[in-house]
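Using my numbering, you'd call the opening residue of the sequence shown number 3 and step up by one each time. The beta-carbon is built from N, C-alpha and C at its ideal position, and this holds for glycine as well.
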Amino acid sequence: MKIRVLPLIVVLLLGVALYFGWHSAVPNSPQTTPSTDAKTTIAPVTPSPATAASSSAIPQAVDPTSTSPVGQLTMQSIPADAPVTDPVAEYKAGKTPEARLAAMARVLAIGHEANPAMLSAALHDESPEVRLTAIQSAGSFAPEVAIPVLQEAAVNPDKDVRDTAWGLAAPYRAEERAAIYERPLTEGTGAVLEEALIEMGRIPEKLGFDTLVKVASSTADAEKAKRLIETMREWTEPSGVTLPPDATAKSIANWWGLTRNNFDDLMMPRAPQK
3 MKIRVLPLIV
13 VLLLGVALYF
23 GWHSAVPNSP
33 QTTPSTDAKT
43 TIAPVTPSPA
53 TAASSSAIPQ
63 AVDPTSTSPV
73 GQLTMQSIPA
83 DAPVTDPVAE
93 YKAGKTPEAR
103 LAAMARVLAI
113 GHEANPAMLS
123 AALHDESPEV
133 RLTAIQSAGS
143 FAPEVAIPVL
153 QEAAVNPDKD
163 VRDTAWGLAA
173 PYRAEERAAI
183 YERPLTEGTG
193 AVLEEALIEM
203 GRIPEKLGFD
213 TLVKVASSTA
223 DAEKAKRLIE
233 TMREWTEPSG
243 VTLPPDATAK
253 SIANWWGLTR
263 NNFDDLMMPR
273 APQK
């Protein structure tokens, strides 16, 4: 009896051992050991050219034919030390106000004899910021270089530009201011002409009177000549000189040619010489 039971017990024990051994060798959960595919999924991946082109997180090359501001600015990128050949052309090549401002800054920093011409062109830019930057930049020039720019600004449709020009011209010498005044007196009408007369009249000067006589005598605009004669009458009254009511530009020019030396630089009578 004992001899028969023993083999059965042995068989049962072997069966239990095999059962538990198999379960310990095969995991119950598939997440216990990450598969090779799972590792590949979470590892850093270098995007392919197709992926890079569609990803906004990766910087894109700028298309030089683009009409976007970024593309236009890239087209205007010029090495800072590149020689300047044509300031006006370089300024006009800017497709955006930012590009034109950058071109102006580069050209002014390097220096060129045509810089005043560039600033004069920029006074007519469609951007108010570019226009003001142009006239403000003229303040860095010597008066003799800046005068053409200020002359152009004095007849500019933008009042802010004109006001800035008068502010820059205020400390100039009398002959330099007179050269600037002549442009709005000759070409200006309406507000432009009146502003010039107001600026000149702040401190009446002999050279300014010369300009009034010159323009009044040469203009074909009867209304302008009348307005200039009115201004000349106002300037001479403090000195005790009263121009005749029927005075013409020609008669005033003749009188001024004979009496000019009797006035000082501020349009006051000179003291009689002993």
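Round the Cβ separation of A105 and A95 to the nearest angstrom and send it over; I've been treating them as touching at under 8 Å.
Along the sequence shown, one-based indexing puts residue 105 at 103. Along the sequence shown, one-based indexing puts residue 95 at 93. So it is a contact: roughly 7 Å between Cβ atoms.
With DSSP as the reference, label P271 as helix, strand or coil.
As a first step, residue 271 is located in the sequence shown; it is residue number 269 there, counting from the start. Residue state, collapsed to three classes: strand.
Between which residues of its own chain and N263 is the CB-CB distance below 6 Å, once the five residues before and five after are set aside?
Within the sequence shown, numbered from 1, the residue matching residue 263 stands at position 261. Result list for N263: empty, nothing under 6 Å.
Taking the Cβ atom as the reference point for each residue, do D266 and A176 lie within a distance shorter than 8 Å?
Indexing the sequence shown from 1 puts residue 266 at position 264. Indexing the sequence shown from 1 puts residue 176 at position 174. Contact flag unset, no.
Determine the direct distance from the alpha carbon of L103 to that of P71, and round the result to whole angstroms.
The residue given as residue 71 occupies position 69 in the sequence shown. The residue given as residue 103 occupies position 101 in the sequence shown. With a pLDDT of 36 at P71, under the threshold of 50, the modelled position of this residue cannot be trusted; read the value that follows with caution. One C-alpha to the other measures close to 13 Å.
Given A167, which residues of its chain have a CB within under 7 Å of its CB, disregarding the five upstream and five downstream residues?
As a working note, residue 167 is residue 165 in the sequence shown. Excluding sequence neighbours, A167 sits near I137, L152, A155 and A156.
Of all the options T221, H114 and L214, which has the alpha carbon lying nearest to the alpha carbon of L232?
Working through the sequence shown from its first residue, we reach residue 232 at position 230. Looking at the sequence provided, one finds Glu at residue 232 rather than Leu. For E232, the nearest C-alpha among the options comes from L214.
For my contact list, V217 and T188 are in at a C-beta cut-off of 8 Å; report their separation, rounded to the angstrom.
Translated into positions along the sequence shown, residue 217 becomes position 215. Translated into positions along the sequence shown, residue 188 becomes position 186. At roughly 6 Å, the Cβ-Cβ gap stays under 8 Å, so V217 and T188 are in contact.
As an exercise, report each continuous alpha helix (DSSP H) stretch of at least 4 residues that is fully enclosed by the region 142 to 218, in chain order.
The region 142 to 218 contains these whole alpha helix (DSSP H) runs: 145 to 156, 161 to 171, 176 to 189 and 193 to 203.
Who are the near neighbours of L195 in its chain, counting only those whose CB is closer than 8 Å to its CB and skipping five residues on each side?
As a position in the sequence shown, residue 195 is number 193, starting the count at 1. Excluding sequence neighbours, L195 sits near P186, L187, K226 and R229.
For V147, count the other beta carbons within 10 Å of its own beta carbon; 16 or more makes it buried, fewer makes it exposed. Which is it?
For this step, residue 147 is matched to residue 145 along the sequence shown. Exposed is the call here.
Which word fits P61, buried or exposed, when buried means at least 16 other C-beta atoms lie within 10 angstroms of its C-beta?
The sequence position of residue 61 within the sequence shown is 59, counting from 1. Any reading at P61 needs caution, since the residue's pLDDT is 32, under 50, leaving its predicted position unreliable; the model's value is listed next. Its Cβ having fewer than 16 others within 10 Å, P61 is exposed.
Pull up the distance between the alpha-carbon of I182 and that of I205, whole angstroms please.
Residue 182 sits at position 180 when you count from the first residue of the sequence shown. Residue 205 sits at position 203 when you count from the first residue of the sequence shown. In a straight line, the C-alpha of I182 is about 15 Å away from that of I205.
Between the Cα of K208 and those of K161, E239, M269 and L245, spot the shortest distance and give me the residue it belongs to.
If you number the sequence shown from 1, residue 208 lands on position 206. If we check each option's Cα against that of K208, M269 comes out closest.
G113: which of R235, A140, I200 and W257 sits nearest, CA to CA?
In the sequence shown, residue 113 corresponds to position 111, counting from 1. Checking every option, the nearest Cα to that of G113 belongs to A140.
Could you give the first and the last residue of the continuous alpha helix (DSSP H) run that contains A136?
For the purposes of this step, residue 136 is taken as residue 134 along the sequence shown, with counting starting at 1. Taken as a continuous stretch (DSSP letters only), the alpha helix (DSSP H) holding A136 covers P130 to S139.
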